[in-house]
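Engineer: Dropping a structure here in C-alpha cells format, bear with me for questions.
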Amino acid sequence: MSRKALIAIALAGAFCASAGAAAFAQTQAPTPALPPTSFNAVGSIGNLSMYQNRELPFWNEVVPKASGGAVKVQVKPFTELGFKGPEIFRLVSSGTLQFATTVLNYNSGEVPMNEAADLVGLVGSVEELQKTINALRPAYAKFLEEKYGIKLLGFGTYQAQVIYCRDAFTKVADLKGRKVRASGASQQAFVTHIGGSPLTIAFAEVQPALASGVIDCAITGALSGYRSKWHEAAKFISPLPINFGVAAQLANLKWWNTLDPKVQAFLATELRKLEDSIFEQAKTETQTGINCNTGTGPCSEGAPAAMKLVPVTPEDEALRKDALTKAILPSFATRCGADCVQIWNGTVGQSLGIKIAP
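Using the working numbering, you'd call the opening residue of the sequence shown number 69 and step up by one each time.
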C-alpha cells in the first residue's frame, strides 16, 4: 500500500474519532442558498493562538452559523495528527489533504516562493507584512495553481519571530558559533551569515532540544515560545524581529473545483475575514509574548517567566540590514531563479522600494 494511501486511512480514523466532540448542534435545516457540504481541514500548531483563538472557532462556530448549517467541517491541528509540518504543503498538492493551514517557510527550501513576502529582515511590523502579502497575493495564487495544483484562500501570521537562547548574550552577533534552530531557508541563511550553525527541528521538538543542549538557541514567535514553555530551558531573549512566520490557508485545486460555486464563494469570503482577524491578533502578540517571557509588562496568558530581556542595539539593526542585503536576498535569488526574481521585483520589491539585481 502506498504512503499516500496509508496517510489517507490514518487521517480518516483521526477525524472520525473526533467527530462526536466536533459535531455541530444544529436545529435548523441547511439554507437553500448553499448545498450541504462537509470536509476535513488540517489546522496549524494546536497549542498556539492562531489555531486556538482563530482557526478552531472559525471552523466550529463561524462557518456553520454563517452557512445556516450547510457547511460542516471537522478540523484538527497538524500537531495532533502526527505530522511535523513540512509535509502539509506536499499533501495538499497531492490531494491527500483537502484543506490545510500551513506555515509557508516550512517548505521554503524546496519552494522558495513560499517565503517571498516574509524573508528575514524584510519588514519590521505586521502592518508592513500585510503590505508585502497584498502585493504578492495575485502572482502567488497563480503560481500555486499552475505549479502545485493548490488554491490559495488566505494568509495568516504569527507574531514577530525572535531569538531564544540558553546562555547569555548581549547582541545578536554573539550567536556566532552557536547551534540555532532556524525555520525556513532565509532564517538559515541569516544564522549562517552571523556565524551560527542553523539546524532544522520540528516545532514540538524544540523545547526538549533546548533543555538537553542539542541546540543553544532557537527562533520562533515571542508568544508562541512562551505558550510552548521554551522559557523553561532558554533564559535569554532578544525582541529583534527576525521575520514573522507567515501561514496560508490552502485547498487542493482539484478538490476545490468539485465544490458548488456558491460554496466556493462563501468559503473564499469567510476565509478572507479569518485572515483579517489573524493579522489583527498578531499586532499585539509580540509585546504580549515579550511581557510573558520576561515579566517586564502585563501578561494575559498566565504566570510570567523570568527570562532576561536582551535589548535591541543599533548594531543588531545594522546586522539584520546587512544580512538582508548580503545574504538573504542573494540566497533567495539563487534558490528562486530568474522568473521568480522578476515576479518578486514586480510585487514585494516594488511595494517596499527594493530590487534584487538580475
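All C-beta atoms in this analysis are idealised placements derived from N, C-alpha and C, irrespective of residue type, glycine included. Everything numeric in this text was worked out from a predicted model, so none of it was measured.
Taking V380 as the reference, which of G222, M181, G192 has the closest Cα?
Structural biologist: It is G192 whose Cα lies nearest to the Cα of V380.
Engineer: Could you please give the first and the last residue of the uninterrupted alpha helix (DSSP H) stretch that includes I156?
Structural biologist: First-last of the alpha helix (DSSP H) with I156: 155–162.
Engineer: Let me know the secondary structure DSSP gives S112 once reduced to three states.
Structural biologist: DSSP places S112 in coil when its eight states are reduced to three.
Engineer: Alpha carbon to alpha carbon, how far is G137 from F126?
Structural biologist: C-alpha separation (whole angstroms): 13 angstroms.
Engineer: Measure the alpha-carbon distance for F223 versus S280 and round it to whole angstroms.
Structural biologist: About 35 angstroms.
Engineer: A425 to V248, Cα distance in whole Å?
Structural biologist: C-alpha separation (whole angstroms): 30 angstroms.
Engineer: So the beta strand (DSSP E) G222 belongs to, where does it begin and stop?
Structural biologist: Segment 218–225, the beta strand (DSSP E) holding G222.
Engineer: Assuming contact is defined by CB atoms lying nearer than 7 angstroms, are I396 and A257 in contact in what I supplied?
Structural biologist: It is a contact, given that the beta carbons lie within the stated cut-off.
Engineer: Contact check, L165 vs V139 under 8 angstroms by CB: the rounded distance?
Structural biologist: Not a contact, Cβ separation roughly 18 angstroms.
Engineer: Taking the C-alpha atoms as reference points, what is the distance between E155 and S251?
Structural biologist: Rounded to the nearest angstrom, the two C-alpha atoms are 14 angstroms apart.
Engineer: Mind checking whether V314 and L172 have CB atoms under 7 angstroms apart?
Structural biologist: Their beta carbons are under 7 angstroms apart, which means V314 touches L172 by this criterion.
Engineer: When burial is assigned at 16 or more other CB atoms within 10 Å of the CB, is G405 buried or exposed?
Structural biologist: Exposed, because fewer than 16 other Cβ atoms sit within 10 Å of the Cβ of G405.
Engineer: Using CA atoms only, rank isn't needed, just tell me which of S162, R122, V160, L187 is closest to Q229.
Structural biologist: Minimum Cα distance to Q229 is reached at L187.
Engineer: In this structure, how does DSSP classify R122 when only helix, strand and coil are distinguished?
Structural biologist: Correct three-state label for R122: helix.
Engineer: With C-beta atoms as the reference, is G293 less than 7 angstroms away from Y232?
Structural biologist: Contact flag set, yes.
Engineer: Does the region 334–344 come close enough to the region 143–160 that 3 or more CB-CB pairs lie under 8 angstroms?
Structural biologist: Segments in contact, no.
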